[in-house]
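Residue numbers (my numbering): 1 to 249.
C-beta atoms are modelled at their ideal positions from N, C-alpha and C, and glycine is treated no differently.
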């Protein structure tokens with residue numbers, strides 16, 4: 001795509017946003033946030049998310065929450081982020097459910113409430129949200145406020161993996177490797193590699209180092225190469241467990 005094409009697309013979306021189309025307002029905010037086609041401008045992005053959210057567009061309400069949570073275009077405010085997520089979740093937005101559930105799970109900006117987190121993750125998962133499927137698996141594997149059910153947990157990891165979530169792919173691969181299904185495990189780790197964050201990459205390194213299989217060496221090298229230029233993963237106490245559970249949510 002040429003610079004002219006990028007500028008034309010940016011202007012087309014901006015004009016639609018200015019005419020009041022909420023989907024365009026969300027898209028324009030995302031373009032400003034990401035710096036796609038033009039230099040990033042998180043303050044303007046926040047404003048456009050707020051405009052669309054005020055018009056009742058719940059995906060924009062969720063993004064407004066992300067801005068408040070991450071400090072994009074404003075001071076970070078987890079409490080205000082949780083309010084936005086709750087409004088989106090109450091209107092059926094799956095990303096709002098997922099983000100609010102994560103805050104409830106950790107007690108960030110809200111009182112910690114695993115039962116409510118489960119409800120929200122499960123609602124989002126059953127409507128097809130891949131990252132929430134992975135967290136449902138975590139609840140069932142860990143036995144958080146319910147009986148442990150590793151078999152059903154793995155089924156949710158598979159659903160998450162097949163829907164494209166790299167954490168679900170890592171968790172499924174780990175479970176398969178534990179059962180000795182190394183070929184399939186390595187395939188899922190390969191699929192997880194392009195999108196994996198430092199915490200998952202580090203967990204992959206530790207998991208792969210324990211496997212005796214001909215396919216491990218090239219994959220382990222690829223993981224280490226991708227991990228090398230990245231900052232060290234932050235591992236808050238919530239995620240500290242044995243290596244394969246590092247940041248699996």
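Item: On the three-state DSSP scale, how would you describe residue 74?; Value: coil
Item: Use the C-beta contact count for residue 88: other C-beta atoms within 10 angstroms, 16 or more gives buried, fewer gives exposed.; Value: buried
Item: For residue 224 and residue 208, I'd like the C-alpha separation in whole angstroms.; Value: 11 Å
Item: When you compare the CB positions of residue 157 and residue 137, do they come within less than 8 Å of one another, or not?; Value: yes
Item: Under the rule that 16 or more other beta-carbon atoms within 10 Å means buried, what is residue 43, buried or exposed?; Value: exposed
Item: Does the contact criterion of 3 or more C-beta pairs under 8 Å hold for the stretch 79–86 versus the stretch 58–69?; Value: yes
Item: Looking only at its own chain, which residues have a Cβ that is under 6 Å from the Cβ of residue 250, when we skip the five neighbours before and after it?; Value: Here the chain comprises residues numbered 1 to 249, so residue 250 is not present and cannot be evaluated.
Item: Which value, in whole angstroms, describes the spacing of the CA atoms of residue 57 and residue 23?; Value: 8 Å
Item: Helix, strand or coil: which one does DSSP assign to residue 197?; Value: coil
Item: Excluding five sequence neighbours on each side, which residues of the same chain lie with their C-beta closer than 6 Å to the C-beta of residue 118?; Value: 139
Item: Tell me whether residue 286 sits in a helix, a strand or coil according to DSSP, three-state version.; Value: Nothing in the structure corresponds to residue 286, since the chain is present only between 1 and 249.
Item: From which residue to which residue does the alpha helix (DSSP H) around residue 225 run?; Value: 216–227
Item: Identify whether residue 38 lies in helix, strand or coil by the three-state DSSP scheme.; Value: coil
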